[in-house]
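Okay, so here's the structure we're looking at.
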Amino acid sequence: MKDTEGYVTADGRQIGGTLMEMRNITLRFGGVVAIQDISFDIREGEVRAIIGPNGAGKSSMLNVISGFYTPSEGEVWYKGAKRPPMKPFEVARQGVARTFQNIALFEGMTVLDNVMTGRLTHMNAGIASQALWWGKARDEEMENREKVERVIDFLEIQNIRKTPVGRLPYGLKKRVELARALAAEPSILLLDEPMAGMNVEEKEDMSRFILDVNDEFGTTICLIEHDMGVVMDLSDRVVVMDYGKKIGDGTPDEVRNNQDVIDAYLGVPH
Amino acid sequence: MLNDIFIAPFVDMFTAPDFLMQVLWEGLVSGILYALIALGFVLIFRSSRIFNFAQGIMVVFAALTLVGLFAMGIPAWISVGLTLVVMFVLAVAIERVVLRPLVGQPDIILFMATIGITLFLIGFGETIFGGENKVMITEELGIPTGDTVLEPFGGLLILQHLDITVVVVATLLVLGLLAFLNYTQMGRAIRALGDDHQAALSVGISLQTIWVLVWFIAGIIALVTGIAWGARAGVSFALEVIAYKALPVLMLGGLESITGAIVGGLMIGILEKLFEIYWGQPLLGGNTETWFAFVLALIVLLFRPQGLFGERIIERV
């Protein structure tokens, strides 16, 4: 780690050292370059945003972090060590939880069961123990259930605990997805457009939950968002991408006044 | 004619209730076995969207392995344990060699692959164990073979001990599976994987582990079915046919539904027996059991294409 000192935010939260670092990440699909030589870090306890216009490569970046894509070049450093190429489920087990842009929930299962799957990364009991519902498996189940209920309470979805997810409206599904990710007690929480397709009220709710999660559990959050206003209010530091390149990086204020960023968002005469 | 269809059968049922009970009992016994096989299909379908054509041959293969090992002089219960090991190795092999390279391919290709597995197991099984019929080692396994005669309503009801054992064991297995799927993290992972692969990966579920697990469970089910059916009909490749009896069960119950598999299996087992005895034999010359289930399933499909318990597919426009 280059720098472990961290900084203090305007509202007085202590931000720790580097938790994850992307070093010169490049991602190609055949001839298309989705991400070009991007580096940035995520510090412990901060809300880090990645923004950019459509097709800038934000989601690709998130997929690199969560292990769904393997970068063509560059390194991912996590907790002070270089991360070897991994499958997504292995990354998840290392404490990286995520949500998806187009909601990926288990539609046929209840809200409670969905959130319980979030605890799979904490499962230690063997298959035999689980099959027989014996010893370790039973204790674990109780403990997991307790943690899950706390998350459900926290996100105010108690009243739909037993509802199959397929029947819920969009805004609530988003919240259930957040609950599932949160149940994993992740070191880093990745949110892929958590506010996409929401109305103003739902957006405000979601913003509040994201800030509360960060505050209450100290969870490091990395989110992708489209809506500039929301991002600026939520995040401590922002990475701006355009056409697969990084064009800005800094606090919301710095980024807001960056000429390249203004150009990318408003367009400039070429 | 109308009398024969609508009145006479019911009169028979009421005048000889002991015989009716006998018919129902026998229907229940086959029904619970159908349910068990159907459960094997449903489990694999739910976790991987593969319709496992090989379920039938797995029954034969498990039974042949068990009998074969015993013939080599290995004690009966150790043979059962070894057969389970073989079924586990088979599950691992299928995952490695067949499923893993085909991840993400269209469903029909995976379905074809299971036909491939079927043909391979037929050939492989015949090479190792030979094609001739064998006798299930019922007594050596300590399965009781006598019968109990009850006299309800002053009549006669014969319960084969073998059948009672089958019903008890199958019921326990079904209940155990249900509990495993619904109340353990592993079970949740299996259900989750069937719903959404990406989401499953994001919460740390390993496709490979779960696939091996469900194919192994399917293998256990195959062994139990193989023992139960083999004890009644002998162990031969013809046993494979009973897996096809699970097809109408699946049509009736829906491919995704575990409840559907159980209810559908029991329904078909009981209804086909009733139909055979009270309508089939007197009116159609018997042997209706081979096709009745399919006709019943087709009729249900006319009204509920997703089966009785299947997920209704609603397309949002």
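Chain order of the listed sequences is A and B.
So in the numbering used here, spot 214 of the first sequence is number 214, and the numbers just go up one at a time.
Each number in the numbering used here comes from the position in the second sequence (counting from 1) with 270 added on.
Using N, Cα and C, we set each Cβ at its ideal position, and we do this for glycine too.
Starting from the Cα of residue i, find the closest Cα among the options and give me that residue.
i, options, result
"G67 (chain A)", "A:G80, A:P88 and A:G57", "A:P88"
"F106 (chain A)", "B:G464, B:M456 and B:G535", "B:G464"
"L354 (chain B)", "B:L544, B:L369 and B:L336", "B:L336"
"F381 (chain B)", "B:F311, B:M357, B:L411 and B:K404", "B:F311"
"I528 (chain B)", "B:G457, B:G489 and B:F486", "B:G457"
"F29 (chain A)", "A:R237, A:M232 and A:V64", "A:V64"
"A305 (chain B)", "B:L483, B:A440, B:G496 and B:M328", "B:A440"
"E141 (chain A)", "B:Q375, B:N452 and B:E396", "B:N452"
"A470 (chain B)", "B:A286, B:G523 and B:S317", "B:S317"
"A516 (chain B)", "B:N557, B:V484, B:L566 and B:F390", "B:L566"
"F209 (chain A)", "A:V151, A:S187 and A:S72", "A:V151"
"E90 (chain A)", "B:Q478, B:I490 and B:L352", "B:Q478"
"V484 (chain B)", "B:L360, B:L578 and B:I385", "B:L360"
"K404 (chain B)", "B:F280, B:I497 and B:L426", "B:I497"
"V367 (chain B)", "B:D282, B:V482, B:F280 and B:A503", "B:V482"
"E185 (chain A)", "B:L443, B:V473, B:L442 and B:L445", "B:V473"
"K203 (chain A)", "A:K174, A:I221, A:N54 and A:A183", "A:K174"
"F423 (chain B)", "B:Q292, B:L578, B:Q576 and B:E559", "B:Q292"
"V437 (chain B)", "B:N273, B:W295 and B:F486", "B:W295"
For a contact defined as C-beta to C-beta under 7 Å, what are the partners of residue i on chain B?
i, result
"M123 (chain A)", "Q455"
"F89 (chain A)", "L471, G474, I475 and S476"
Is DSSP giving residue i helix, strand or coil here?
i, result
"M271 (chain B)", "coil"
"K2 (chain A)", "Residue placement at K2 (chain A) cannot be trusted, given a pLDDT of 47 that sits under 50; the coordinates are not used to answer."
"Y7 (chain A)", "strand"
"K245 (chain A)", "strand"
"E559 (chain B)", "helix"
"M198 (chain A)", "coil"
"T219 (chain A)", "coil"
"V33 (chain A)", "strand"
"I512 (chain B)", "helix"
"S39 (chain A)", "strand"
"V362 (chain B)", "helix"
"R145 (chain A)", "helix"
"K82 (chain A)", "strand"
"P575 (chain B)", "coil"
"S317 (chain B)", "helix"
Start and end of the beta strand (DSSP E) containing residue i?
i, result
"Y78 (chain A)", "E73 to Y78"
"F68 (chain A)", "Neither: F68 (chain A) is in no beta strand (DSSP E) and is coded neither H nor E."
"V47 (chain A)", "V47 to I51"
"R180 (chain A)", "Counting along the chain, R180 (chain A) falls outside any beta strand (DSSP E), though it belongs to the alpha helix (DSSP H) covering Y170 to A183."
"T251 (chain A)", "Run containing T251 (chain A): none; DSSP gives neither H nor E here."
"L427 (chain B)", "L427 to Q430"
"L420 (chain B)", "D417 to L420"
Please confirm whether residue i and residue j have their CB atoms less than 8 Å apart.
i, j, result
"A308 (chain B)", "L520 (chain B)", "yes"
"M198 (chain A)", "Q455 (chain B)", "no"
"A563 (chain B)", "E546 (chain B)", "no"
"I480 (chain B)", "A513 (chain B)", "no"
"M195 (chain A)", "D215 (chain A)", "no"
"A501 (chain B)", "L432 (chain B)", "yes"
"P295 (chain A)", "M109 (chain A)", "The question about residue 295 (chain A) has no answer here: the residues shown for chain A are numbered 1 through 270."
"D37 (chain A)", "E21 (chain A)", "no"
"G244 (chain A)", "V33 (chain A)", "yes"
"V419 (chain B)", "L411 (chain B)", "no"
"G301 (chain B)", "G523 (chain B)", "no"
"V160 (chain A)", "V111 (chain A)", "Note that residue 160 (chain A) is Ile in the sequence shown here, rather than Val. Yes, they are a contact pair."
"R43 (chain A)", "G74 (chain A)", "no"
"P348 (chain B)", "F507 (chain B)", "Rather than Pro, the amino acid found at residue 348 (chain B) in this sequence is Ile. Cβ atoms of I348 (chain B) and F507 (chain B): not closer than 8 Å."
"P85 (chain A)", "T26 (chain A)", "no"
In chain B, which residues lie with their C-beta within 9 Å of the C-beta of residue i?
i, result
"D236 (chain A)", "Under the 9 Å cutoff, chain B gives no residues; its nearest Cβ is about 24 Å from D236 (chain A)."
In chain A, what lies closer than 8 Å to residue i by C-beta?
i, result
"R461 (chain B)", "F106, G108, M109 and D113"
Residue i lies in the alpha helix (DSSP H); which residues open and close that run?
i, result
"Q455 (chain B)", "Q455 to D465"
"T215 (chain B)", "Here chain B comprises residues numbered 271 to 587, so residue 215 (chain B) is not present and cannot be evaluated."
"L517 (chain B)", "A516 to G523"
"I490 (chain B)", "L477 to A503"
"L266 (chain A)", "Q259 to L266"
"A278 (chain B)", "A278 to T285"
"R370 (chain B)", "Premise fails: R370 (chain B) is in no alpha helix (DSSP H) and is neither H nor E."
List the residues of chain A whose Cβ lies closer than 9 Å to the Cβ of residue i, in chain order.
i, result
"Q468 (chain B)", "F68, P88, F100 and A104"
Whose Cβ in chain B lies nearer than 8 Å to the Cβ of residue i?
i, result
"G118 (chain A)", "V473"
"A179 (chain A)", "Those within 8 Å of A179 (chain A) in chain B number zero; the least Cβ separation is about 12 Å."
"A196 (chain A)", "Per Cβ cutoff of 8 Å: no residues; A196 (chain A) is ~17 Å from chain B at best."
"R93 (chain A)", "G474"
Which residues in chain A sit within 7 Å of residue i, going by Cβ to Cβ distance?
i, result
"D465 (chain B)", "F106, E107, G108 and M109"
Closer than 7 Å, Cβ to any Cβ of chain E: which residues of the region 319 to 349 of chain B, in chain order? Of the chains in the structure shown, none is chain E; the protein chains are A and B.
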